[in-house]
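In the numbering used here, the protein residues as written are 37 to 187.
Backbone N, C-alpha and C define an ideal beta-carbon position, used for all residues, glycine too.
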Ligand SMILES: Cc1cc2nc3c(=O)[nH]c(=O)nc-3n(C[C@H](O)[C@H](O)[C@H](O)COP(=O)(O)O)c2cc1C
């Protein structure tokens, strides 16, 4: 069975709500096991044991959250020689356009390397509740792609 990990950080619970929507969407794919995990609890094994990763973060100061950055800082040396090449995508909770958070993640994971398989899902802080379906579809699409080995 393929394994999908959703690695996220949330300071004031908005990204956590989105992460739970993404998680429930991905769980619609019965053939994929899904691991919803805080970035602070995730480690190199999270990456090494996954067939695909979804990163979730608020945009903080035009960047990913410090806790998600810490996850990358802690894991890079342990996985850089493993040539992971697994698919990833990103969702962001932001007051503005969220692009700083996206580009900071994209730049770092080139070194792992991970393969971007979808455009980022950027959710405005104001719109959380009405974006539930879009988040669920985002998670479902990743899980379905893994199940069908299309990435
Ligand atoms: C320290 C800090 C810095 C922030 N910087 C940005 C920013 O640069 N761009 C932006 O769009 N939103 C920014 N925000 C707003 C958060 O991204 C937004 O409120 C987000 O939904 C919070 O997610 P969370 O509840 O999961 O922590 C910032 C919030 C905080 C606390």
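- The way I'd put it, the region 63–70 doesn't touch the region 105–120; fewer than three beta-carbon pairs between them come closer than 8 Å.
- The three-state reading of DSSP puts residue 184 in coil, since its state is none of H, G, I, E or B.
- Taking C-beta separations shorter than 6 Å and ignoring five residues to either side along the sequence, the partners of residue 140 in its chain run 99, 100, following chain order.
- The criterion of a C-beta distance shorter than 8 Å is satisfied by residue 44 and residue 91.
- Residue pairing of residue 130 in beta bridges, as defined by DSSP: 160.
- In this structure, residue 107 has its CB at a distance of at least 7 Å from all heavy atoms of ligand 1.
- Look at residue 95: its beta carbon is less than 7 Å from one of the heavy atoms in ligand 1.
- When only Cα atoms are considered, residue 103 and residue 77 end up about 10 Å apart.
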